[in-house]
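Engineer: The numbering used here applies: residue -12 is where the sequence shown begins, and numbers increase by one. Every residue, glycine too, gets a C-beta built ideally from N, C-alpha and C. For clarity, every value in this text was computed on a predicted model and none was experimentally measured.
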Amino acid sequence: MAKAKTVFVCSECGNESAKWLGKCPACNSWNTFYEQKIVETKSGKMSAKQLREKNTPKKLNSYQAEEEIRVSTGFDELNRVLGGGLVKGSLVLLGGEPGIGKSTLILQLCNKIQGEGAVLYVSGEESAEQIKMRADRLGIKNDNIMFLGETNIEIVDNAIIELNPKLVIIDSVQTMYSDELTAAIGSVSQVREITSQIMRICKARKITTILIGHVTKDGNIAGPRVLEHMVDTVLYLEGERYFSYRILRGIKNRFGSTNEIGMFEMQDKGMCEISNPSDVLISERDGNPAGSCIISCIEGTRPVLIELQALTTVSIYGIPKRTANGIDYNRLALLIAVLEKKTGLQLGSQDVYLNVVGGMRINEPSIDLGVLAVTASIFKNIPISKEMVIMGEVGLTGEVRRINMIEKRLKEAEKLGFKTCVIPESNKKLLKDKYKLDIIGVKNINEALKKIGIK
Ligand code: TYD
Ligand code: MG
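#1: Smallest Cα separation from R192: which of D144, V(-4), M217 and S279?
#2: Mapping the DSSP letters down to three states, classify F134 as helix, strand or coil.
#3: Taking only three categories from DSSP, how would you classify N312?
#4: How many Å lie between I248 and E434 at the Cα?
#5: Beta-carbon within less than 6 Å of G210's beta-carbon, same chain only, minus the 5 sequence neighbours each way: which residues are those?
#6: DSSP state of C11, grouped into three classes?
#7: Given a threshold of 16 other Cβ atoms within 10 Å of its Cβ, counted over all protein chains shown, does K89 qualify as buried or as exposed?
#8: Excluding five sequence neighbours on each side, which residues of the same chain lie with their C-beta closer than 6 Å to the C-beta of V218?
#9: Going by the CB atoms, is the gap between S165 and G136 shorter than 7 Å?
#10: Please classify T195 as buried or exposed, where buried requires at least 16 neighbouring CB atoms within 10 angstroms.
#11: Does the beta carbon of N89 fall short of 6 Å from some heavy atom of the ligand TYD?
#12: The ligand TYD and R471: does any heavy atom of the ligand fall closer than 6 Å to the residue's C-beta?
#13: Quick one: using the 10 Å Cβ neighbour count with 16 as the cut-off for buried, is S336 buried or exposed?
#14: Any contact between the stretch 166 to 173 and the stretch 59 to 71? By contact I mean 3 or more CB pairs, one from each, below 8 Å.
#15: The alpha helix (DSSP H) spanning C408 covers which residue range?
#16: Measuring CB atoms only, is the stretch 221 to 239 touching the stretch 250 to 260, in the sense that at least three cross pairs come out at less than 8 Å?
#17: May I ask you to list the residues that DSSP assigns as paired with G237?
#18: Once you ignore the five residues that flank M163 on each side, which residues in its own chain have a CB closer than 6 Å to its CB?
#19: How should H201 be labelled, buried or exposed, when 16 other C-beta atoms within 10 angstroms of its C-beta is the threshold for buried?
#20: Based on the DSSP output, what are the partners of A297 in its beta bridges?
#21: Does the distance between the C-beta of G126 and the nearest non-hydrogen atom of the ligand ADP fall short of 6 Å?
#22: Identify every residue that forms a DSSP beta bridge with S176.
#23: Quick test of your reading: T299 and T220, contact by CB under 8 Å. State the CB separation rounded to the nearest angstrom.
#24: Return yes when the C-beta of P85 is under 6 Å from any heavy atom of the ligand TYD, and no when it is not.
#25: Consider the C-beta atom of G257 and the heavy atoms of the ligand TYD; say whether any pair is separated by less than 6 Å.
#26: Determine which residues share a DSSP beta bridge with M253 and list them.
#27: So, at 6 Å on beta carbons, what are the nonlocal neighbours of M186 in its own chain, with the 5 sequence-adjacent residues on each side left out?
#28: Going by DSSP, what residue range makes up the alpha helix (DSSP H) through K119?
#29: Would you say the stretch 268 to 285 touches the stretch 90 to 97, given that touching needs at least three Cβ pairs under 8 Å?
#30: At what residues does the alpha helix (DSSP H) containing G357 begin and finish?
#31: Drop a sphere of 10 angstroms on the beta-carbon of T91, count the other beta-carbons inside from all chains shown, and report buried for 16 or more, exposed for fewer.
#32: Going by the C-beta, is M375 closer than 6 Å to any heavy atom of the ligand TYD?
#33: In angstroms, rounded to a whole number, what distance separates the CA positions of H216 and N240?
#34: Taking buried to mean at least 16 other C-beta atoms within 10 Å of its own C-beta, is R67 buried or exposed?
#35: Taking its Cβ as the centre, do 16 or more other Cβ atoms sit within 10 Å of G440, making it buried, or is it exposed?
#36: Can you name the residues that DSSP bridges to H201?
Spelled out as structure tokens, the structure:
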């Protein structure tokens, strides 16, 4: 009997090799190679002529475009991120860290989704009793939800074919396995195989599918991002685990833009939509203390106003400590250096703590000026007016640089009843619309601090 052909595959990145290797040359991880059988497919046995007869190129114009049918998920925030609802027959990947709320959100979606037909919820992680307990807590009594506790994908495939549901949930791809592979559950080849099997079955029957995937610490689903290219839409649910706010972000969308985000709050009754994030994020301010200011950032295409807080204390060690919660640590260190050099504030002997309220993470440079102002405010113990919003990027020479989408940011500040906005002078010069705001343009940080009232 001929020996079965095998190949060695890296479980981290999927790199293949004819012989076993201790270290993967592609991703440099150690001890990740395992042996896998080469399965001969039907097309592998066909001659080139047979293959050619099976499929040949035709004029693109001779095809009819199909109309996208969109189904509302029952969540406005989710619909917006998807570009107007779930497209019938599409394959969606929802990623996020364990415990962030993926299963909860999807169970609520199963309850709210419109359209005829059943929903099949396949879970390899939790038992029917556990899911039922969660459903009871969320007040879900929908008769259309079918449950299958299974990890073998071939059994799942059969269930899908028999039931022919309108929506299939696989919770999660990392817990499923296929009999055809010897690779470990959750490895790259298993996860790929599961996805391609589900894709073949569901695309042919126009069944919408949501795959739930856990993200590992370094931010990848199933090791590397091996599934993103296979699916139509990739969504990530983010947030700090011990804060209640969650952000749903579109990373890839074949049926819409990826610029939108959705905001949710994890409550005792499950995930609740937040239609006006600014309102919630600045609602807990108490009085007008020093070391707090409001900044503006753009999440997706929406402007959001957020509170920044800072604290400075005398450092008891030789090296002063900088702690950044919600912004990049190196950015904070850089901005403090600019503040010291350009305004003469002596922060060298101070520990500086900076916090973005609500567990949000901001990567935008437009918050630079706010970071500087709030640090100076607490150091000098002078409060910043609570009716002021501060925005602007700061360069290494202390200049305040232009930021994007200024009109949207100003409109949001106006809508929420703020009175003053401090913005880059270069932005102010280009403004066309009239606002019911006192708009102050600034060129550098010294001028900004003076006009904010800290100098
Ligand atoms: P879950 O949806 O299981 O997370 P994932 O599927 O992403 O791993 O969410 C688990 C967390 O959510 C758990 O710590 C408890 C919390 N939770 C609530 O706060 N409220 C609720 O109504 C539910 C169902 C869960
Ligand atoms: Mg889960």
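Structural biologist: Looking at the coordinates:
#1: One-based indexing of the sequence shown puts residue 192 at position 205. Among D144, V(-4), M217 and S279, the Cα nearest to that of R192 belongs to D144.
#2: If you number the sequence shown from 1, residue 134 lands on position 147. Three-state DSSP puts F134 in a strand.
#3: Numbered from 1 along the sequence shown, position 325 holds the residue referred to as residue 312. The answer is strand: DSSP assigns N312 an E or B state.
#4: Here the question's residue 248 lines up with position 261 in the sequence shown. Here the question's residue 434 lines up with position 447 in the sequence shown. Going from the Cα of I248 to the Cα of E434 covers about 35 Å.
#5: Residue 210 sits at position 223 when you count from the first residue of the sequence shown. Confidence is the limiting factor: at G210 the pLDDT is only 49, short of 50, which leaves the residue's position unreliable, though a coordinate-based value still follows. For G210, where only same-chain residues beyond five positions count, the Cβ hits under 6 Å are E(-1) and V175.
#6: On the sequence shown, residue 11 is found 24 positions in, with the first residue counted as 1. Looking at C11 - three-state DSSP - the assignment turns out to be coil, as it is neither helix nor strand.
#7: For the purposes of this step, residue 89 is taken as residue 102 along the sequence shown, with counting starting at 1. Its Cβ being crowded by 16 or more others within 10 Å, K89 is buried.
#8: Stepping through the sequence shown from its first residue, residue 218 is reached at position 231. Annotation for V218: L78 and L80 place their beta carbon closer than 6 Å to its own, counting only its chain and skipping 5 residues before and after.
#9: Taking the sequence shown and counting its residues from 1, one reaches residue 136 at position 149. Taking the sequence shown and counting its residues from 1, one reaches residue 165 at position 178. No. Outside cutoff.
#10: Taking the sequence shown and counting its residues from 1, the one referred to as residue 195 is at position 208. Counting Cβ neighbours within 10 Å, T195 comes out buried, since at least 16 surround it.
#11: Sequence index remark: in the sequence shown, residue 89 carries index 102 (1-based). Per the sequence shown, the amino acid found at residue 89 is Lys instead of Asn. Correct: K89 has its Cβ closer than 6 Å to the ligand TYD.
#12: Because the chain here runs from -12 to 442, residue 471 falls outside it and cannot be looked at.
#13: Translated into positions along the sequence shown, residue 336 becomes position 349. Result: exposed.
#14: Touching, no, given that fewer than three Cβ pairs across the two stretches are closer than 8 Å.
#15: Here residue 408 refers to the residue found at position 421 of the sequence shown. Segment T407 to P411 is the beta strand (DSSP E) holding C408; no alpha helix (DSSP H) there.
#16: yes
#17: The sequence position of residue 237 within the sequence shown is 250, counting from 1. Answer is L222.
#18: Residue 163 sits at position 176 when you count from the first residue of the sequence shown. Taken in chain order, the residues that qualify are G111, T138, I140 and I181.
#19: Within the sequence shown, residue 201 is the residue found at index 214, counting from 1. It counts as buried.
#20: Against the sequence shown, residue 297 aligns to sequence position 310. For A297, the pairing in a beta bridge is given by DSSP as L341.
#21: What this structure holds is the ligand TYD and the ligand MG, not the ligand ADP.
#22: Taking the first residue of the sequence shown as position 1, residue 176 is located at position 189. In the DSSP secondary-structure assignment, S176 is not bridged to any residue.
#23: To locate residue 299, count along the sequence shown from 1; it is residue 312. To locate residue 220, count along the sequence shown from 1; it is residue 233. Not a contact, Cβ separation roughly 44 Å.
#24: Here residue 85 corresponds to residue number 98 of the sequence shown, with the count starting at 1. At least one heavy atom of the ligand TYD is nearer than 6 Å to the Cβ of P85, so yes.
#25: Numbered from its first residue, the sequence shown carries residue 257 at position 270. G257: yes, Cβ under 6 Å from the ligand TYD.
#26: Counting from 1 along the sequence shown, the entry for residue 253 is found at position 266. Answer is M258, bridged to M253.
#27: In the sequence shown, the residue the question calls residue 186 occupies position 199. So the list reads L78, once near-sequence residues are dropped.
#28: The residue labelled residue 119 in the question sits at position 132 within the sequence shown. A115 to R124 is the extent of the alpha helix (DSSP H) around K119.
#29: Taking 8 Å as the limit for Cβ pairs, the verdict is that the stretch 90 to 97 does not touch the stretch 268 to 285.
#30: Within the sequence shown, numbered from 1, the residue matching residue 357 stands at position 370. Residues D355 to K367.
#31: Position 104 of the sequence shown, counted from the first residue, corresponds to residue 91. The residue in question, T91, is buried, as its Cβ has 16 or more Cβ neighbours within 10 Å.
#32: Looking up residue 375 in the sequence shown gives position 388. For the ligand TYD, not one heavy atom lies less than 6 Å from the Cβ of M375.
#33: To locate residue 216, count along the sequence shown from 1; it is residue 229. To locate residue 240, count along the sequence shown from 1; it is residue 253. H216 and N240: Cα-Cα distance of roughly 11 Å.
#34: Counting from 1 along the sequence shown, the entry for residue 67 is found at position 80. Buried is the call here.
#35: Counting from one through the sequence shown, the residue named residue 440 turns up at place 453. Exposed: under 16 other Cβ atoms inside 10 Å.
#36: As a working mapping, residue 201 is identified with position 214 in the sequence shown. G83.
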